[in-house]
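Below is one structure, written out as structure tokens, with a few remarks after it.
Protein chains: 2
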Amino acid sequence: MKFEAVTIKDIAKSLGLSTSTVSRALRDSYEISPETKKKVLEYAEKINYQPNPIALSLKQRRSFSIGVVVCEIANSFFSQIINGIESIANQRGYNVIIAQSGESFERELGNLQFLASRSVDGLIISVSTETRDFEFFRSLKEKGLPIVFFDRIVDEIETHKVIVDNKKGVYDATNHLIRNGYTRIAAIANAKELSITKDRLAGYQSALEENHFAVNECLIQYCQHGGMILSEVQEAVSNLLKLSPRPDAIVSTSDKLTTGSLRILKANNIEVPDQMGLVGFSNTDLTELLNPSLTVIKQPAFEMGRLASELLFQLIEGKQPVVEFETRVLTTELIIRDSTKGKKEMTVDG
Amino acid sequence: MKFEAVTIKDIAKSLGLSTSTVSRALRDSYEISPETKKKVLEYAEKINYQPNPIALSLKQRRSFSIGVVVCEIANSFFSQIINGIESIANQRGYNVIIAQSGESFERELGNLQFLASRSVDGLIISVSTETRDFEFFRSLKEKGLPIVFFDRIVDEIETHKVIVDNKKGVYDATNHLIRNGYTRIAAIANAKELSITKDRLAGYQSALEENHFAVNECLIQYCQHGGMILSEVQEAVSNLLKLSPRPDAIVSTSDKLTTGSLRILKANNIEVPDQMGLVGFSNTDLTELLNPSLTVIKQPAFEMGRLASELLFQLIEGKQPVVEFETRVLTTELIIRDSTKGKKEMTVDG
DNA sequence: TTGTATGCGTTATCAG
DNA sequence: CTGATAACGCATACAA
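Chains R and V, in that order, give the protein sequences. Be aware that the first sequence starts at 57, since it is given in this note's numbering, and climbs by one per residue. Be aware that the second sequence starts at 57, since it is given in this note's numbering, and climbs by one per residue.
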């Protein structure tokens, strides 16, 4: 690696063979005699020969690495996604380069350029809350770079996508609140333009409508930075608290917004779920500590990561060009810890 | 990148120049005439030329990427460390390849081999709880690969290291418990062999001794897997609870162990801090939610990451060989949220 | 079955 | 100031 890495040339010289013979022996080519093969393999083993992946990359025009762009790895959802991606990538001998956008379009673009210039063989991405311009994705795709979107997808780009049934997830969660007697249910959502925001709010609205609740725009608060800044959630929550009549429950449409809302409510001495119902997305396994009676919508993050990765490799290693791109939809899990307003249960619902 | 990346050759052909001239013009060499330079630069800009980093790597024998190995990125401490590392690395045009050991020596070794074979230019690592054998580090170092250890360091290997004053951090924390009236203070620690375990327990013991408390080995529980498995923490805590007299406080020596202990105590309906004192390491910003009155030891993770990264680049880009390796020691912060047993305060202590 | 020559994209050396 | 050539480590078409 560093000082004097042993190369095919060294083996060739020591064994009195040509580099091509050694190369072929190493690759177990059919055109090399068993004895030569054995000799080469043994010697390579002995001097601990390691092929230089950079030279390989230059030759084969692939880097054996894929890029992953998320807003932040500290978020449980994304770190689980990454674990899923890695589990597939590593087993194929690929490495995963992780980049964080911090919900900034500028950083996202910078990362994409960086990854592209690093010649990654593929890209898995969940876009930032700020992303409105998809030209760069389009140009990357047109240049032949395989891309898979997950979670926050871009409808405008035709490629594989992995999401959960966001509408149903929130629909169920909202219904859960309604069944538990809440009547004035608000929502705190991500940036308006995100795919997940639209889908998740659709679930919220559809549950309200089915139960003949009015869908009031004032009850929906958007956090354009995805709760990256706590003050933003602060404002959203306090806007809701100012309403009269005050909402008695909140549906929160992302991990960050759920913990953010909890923090703000706590700071205002509002107990969840007694004084304010709350159901939202969350993938941390510490939920019982955050609030022991919090019902959450959980995404199968690890599985999503694996799937995204598998689809990406399908694109990378696919012999013939893809005719039809897939959008894989998994299901969320509603983990019911409360059954608010009085009675308490502990159920898990699939 | 993918289909037909534009190369120096293309520019040369289009402009009727040689590749070497173009190369030099691009690198702003003094031996190229201003006109030629301008022509080349403009054309390169126009057709969006991007140098191929792989070819560069092959030529310059460096990959412009560094490897980072931690037990898991989902841990706030490590994700903040990574952010710190990235902030330095990216600004130098390097990318960061993250690998997770999951507290398994086998995975750690696998990752190291992978990274080494990927020709990373340097390595930043916090070893797993299982790591006892340092031969591989030694061999990597001898091959000339720059390594920086942080947090869980390896004393046996001479290189730069970044840690906090673990002894003092825990010493202060233990004293905090003592000042608040706790008299039978237990400790839950990581694997016995880790550097941080030794240092942190030293702080615990020294505080006890100074206050004339007996240091009882039964009061110290080790989690050999660093709390990676909850059942392990479960056992540690229940061992403590079985003691008679029962300890009235716990010092926990890592993030994972702190949240783990909290979970277990909660599950046993033991209130913190009223029925059991608890002070431990934690770097999550959700501590107020996990337990609003929890006093924690916080490490300057981001700063540690930056420092580790800076030291690494010092090794990577250092002209002359390093004569003396440094161990940088930062200070922890004791964030006091309780002042248990009755009176409540809110103080932050530097 | 093995060896020779060439090229991947770039830079460095040496001539001109 | 500019150009031809070799080299980085490897794989492969072509020759033998």
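A virtual CB, placed ideally from N, CA and C, is assigned to each residue, including glycine.
Worksheet entry | Option in V/166, V/300, V/219 with minimal Cα separation from residue 193 of chain V | Looking only at V/166, V/300, V/219, the smallest Cα-Cα distance to residue 193 of chain V is reached by V/166.
Practice prompt. Please check if any C-beta of chain V sits within less than 8 Å of the C-beta of residue 377 of chain R.
Written response: Not one chain V Cβ lies under 8 Å of residue 377 of chain R.
Practice prompt. Starting from the beta carbon of residue 370 of chain R, find every residue of chain V whose beta carbon is closer than 9 Å, and list them in chain order.
Written response: What residue 370 of chain R touches in chain V, judged by beta-carbon distance under 9 Å, is nothing: the nearest beta carbon there is about 16 Å away.
Practice prompt. Determine contact between the stretch 289 to 301 of chain R and the stretch 117 to 124 of chain R, defined as no fewer than three beta-carbon pairs at a distance below 8 Å.
Written response: In short, these stretches do not touch, since the Cβ pair count stays below three.
Worksheet item: With DSSP run on the structure shown, which of helix, strand or coil describes residue 351 of chain V?
Response: Strand at residue 351 of chain V.
Worksheet item: Listed in chain order, which residues of the stretch 273 to 300 of chain R have Cβ atoms closer than 8 Å to some Cβ of chain V?
Response: Within the stretch 273 to 300 of chain R, no residue has a Cβ that lies closer than 8 Å to any Cβ of chain V.
Worksheet item: Are three or more beta carbon pairs between the stretch 280 to 291 of chain R and the stretch 311 to 327 of chain R nearer than 8 Å?
Response: Output reads yes: the stretch 311 to 327 of chain R touches the stretch 280 to 291 of chain R.
Item to complete: Using alpha carbons as the reference points, say which of V/134, V/188, V/84 lies closest to residue 100 of chain V.
Response: Checking every option, the nearest Cα to that of residue 100 of chain V belongs to V/84.
Practice prompt. Rounded to whole angstroms, what's the CA-CA distance from residue 80 of chain R to residue 87 of chain R? Just pull it up for me.
Written response: Straight through space, the alpha carbons of residue 87 of chain R and residue 80 of chain R are spaced by roughly 8 Å.
Worksheet item: Using DSSP with H/G/I as helix, E/B as strand and the rest coil, what is residue 405 of chain R?
Response: Note that residue 405 of chain R has pLDDT 38, beneath the 50 cutoff, so the model's placement of it is unreliable and the number below is only indicative. Three-state DSSP puts residue 405 of chain R in a strand.
Discussion item. So with CB distances below 8 Å, who are the chain V contacts of residue 111 of chain R?
Written reply: Within chain V, the residues near residue 111 of chain R are 114.
Discussion item. Between residue 346 of chain V and chain R, is the shortest Cβ-Cβ distance under 8 Å, so that the two count as touching?
Written reply: Residue 346 of chain V counts as touching chain R.
Fill in: residue 341 of chain R versus residue 131 of chain R - alpha carbon distance
Distance between the alpha carbons of residue 341 of chain R and residue 131 of chain R is about 12 Å.
Worksheet item: Which residues does DSSP pair with residue 83 of chain V in a beta bridge?
Response: None, per the DSSP bridge assignment.
Discussion item. Does residue 384 of chain R come out as helix, strand or coil in the three-state DSSP assignment?
Written reply: Looking at residue 384 of chain R - three-state DSSP - the assignment turns out to be strand.
Worksheet item: Which residues in the same chain have their Cβ closer than 6 Å to the Cβ of residue 64 of chain R, if we skip the five residues on either side of it in sequence?
Response: If we look at residue 64 of chain R and ignore the five residues flanking it on each side, its Cβ neighbours are 75, 78, 79.
Practice prompt. Thinking residue 278 of chain V and residue 229 of chain V are a contact (beta carbons under 8 Å), I'd like their distance in whole angstroms, please.
Written response: So it is not a contact: roughly 18 Å between Cβ atoms.
Practice prompt. Determine the DSSP secondary structure at residue 99 of chain R, reduced to helix, strand or coil.
Written response: Helix at residue 99 of chain R.
Item to complete: Taking C-beta pairs closer than 8 Å, name the residues in chain V that residue 315 of chain R reaches, listed in chain order.
Response: Identification of chain V residues near residue 315 of chain R by a Cβ-Cβ cut-off of 8 Å yields 342, 345, ordered along the chain.
Fill in: Alpha carbon of residue 370 of chain R to alpha carbon of residue 154 of chain R, nearest angstrom
Take the alpha-carbon of residue 370 of chain R and the one of residue 154 of chain R: they are about 20 Å apart.
Item to complete: Consult DSSP for residue 285 of chain V and reduce its assignment to one of helix, strand or coil.
Response: Residue state, collapsed to three classes: coil.
Fill in: Distance, residue 336 of chain V Cα to residue 390 of chain V Cα
Between residue 390 of chain V and residue 336 of chain V, the C-alpha separation is close to 9 Å.
Worksheet item: Where does residue 337 of chain R sit, in a helix, a strand or coil, going by DSSP?
Response: Note: residue 337 of chain R maps to strand in three-state DSSP.
Worksheet item: Looking at the C-beta of residue 222 of chain R, does it have a partner C-beta in chain V at a distance below 8 Å?
Response: The C-beta of residue 222 of chain R comes no closer than 8 Å to any C-beta of chain V.
Discussion item. So that I know if they touch, is there some Cβ in chain V lying closer than 8 Å to that of residue 119 of chain R?
Written reply: With its beta carbon less than 8 Å from one in chain V, residue 119 of chain R belongs to the interface.
Worksheet entry | residue 130 of chain R, enclosing beta strand (DSSP E) - first and last residue | DSSP places residue 130 of chain R in no beta strand (DSSP E); its state is neither H nor E.
Worksheet item: Is residue 292 of chain R closer than 8 Å to residue 136 of chain R when the C-beta atoms are compared?
Response: Against a cut-off of 8 Å, the Cβ pair of residue 292 of chain R and residue 136 of chain R comes out as no contact.
Discussion item. Which of the three DSSP states is assigned to residue 393 of chain V in this structure?
Written reply: The answer is coil: DSSP assigns residue 393 of chain V none of H, G, I, E or B.
Worksheet item: Thinking C-beta only, is residue 315 of chain V closer than 8 Å to residue 179 of chain R?
Response: Not in contact: residue 179 of chain R and residue 315 of chain V (Cβ atoms no closer than 8 Å).
Discussion item. According to DSSP, simplified to helix, strand and coil, what is residue 155 of chain R?
Written reply: Of the three classes helix, strand and coil, the one that applies to residue 155 of chain R here is strand, per DSSP.
Discussion item. Assuming residue 226 of chain V is part of the alpha helix (DSSP H), what are its boundary residues?
Written reply: Start and end: 222 to 235.
Item to complete: Assuming residue 333 of chain R and residue 311 of chain R form a contact by the criterion Cβ under 8 Å, report the distance between their Cβ atoms to the nearest whole angstrom.
Response: Here residue 333 of chain R is actually not in contact with residue 311 of chain R; their C-beta atoms are around 18 Å apart, not less than 8 Å.
Worksheet item: residue 138 of chain V versus chain R: which residues are under 8 Å apart at the beta carbon?
Response: Correct list: 129.
Practice prompt. Identify the continuous beta strand (DSSP E) that holds residue 278 of chain R and give its terminal residues.
Written response: Segment 276 to 278, the beta strand (DSSP E) holding residue 278 of chain R.
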